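Student:
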Amino acid sequence: MEHHHISVQLTQLLKRGYSMTDAKKLLNGPQEITEQAGVELVASKQSQQRALHSQYHQARYAMRLRG
């Protein structure tokens, strides 16, 4: 199975409420590709959280300047 397809399936399983461990067990594909897709998804989620956190603080700072 191609890396992209495994990543998409892993994402879908996580959105349905499966844990990362259970989702990886359900996927049919090479373990190293599944592991890599999991690592990439976690890194992407962390990056999104950092960006949102930064935007939140920028917005709070801007609101204090207006007030």
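Quick note on numbering: this note's numbering labels position 34 of the sequence shown as 238, and the sequence is numbered without any gaps.
Here a beta-carbon is modelled for each residue, glycine too, at the ideal position from N, C-alpha and C.
Fair warning: this is a prediction, and the values are worked out from it, not measured in the lab.
Since S258 is in the alpha helix (DSSP H), which residue starts that stretch and which ends it?
Tutor: Counting along the chain, the alpha helix (DSSP H) containing S258 begins and ends at 235 to 270.
Student: Please list, in chain order, all residues of the same chain as L217 whose beta carbon is under 8 Å from its beta carbon, the five residues on each side excluded.
Tutor: Excluding sequence neighbours, L217 sits near D226, A227, L230, L231.
Student: Could you tell me the distance, in whole angstroms, from the CA atom of V243 to the CA atom of R270?
Tutor: Near 41 Å, if we compare the C-alpha coordinates of R270 and V243.
Student: Does the distance from the C-beta atom of S211 to that of L245 stay below 8 Å?
Tutor: Taking 8 Å as the Cβ cut-off, S211 and L245 qualify as a contacting pair.
Student: May I have the straight-line CA-CA distance separating A241 from Y260, to the nearest angstrom?
Tutor: Each residue's Cα considered, the two are about 28 Å apart.
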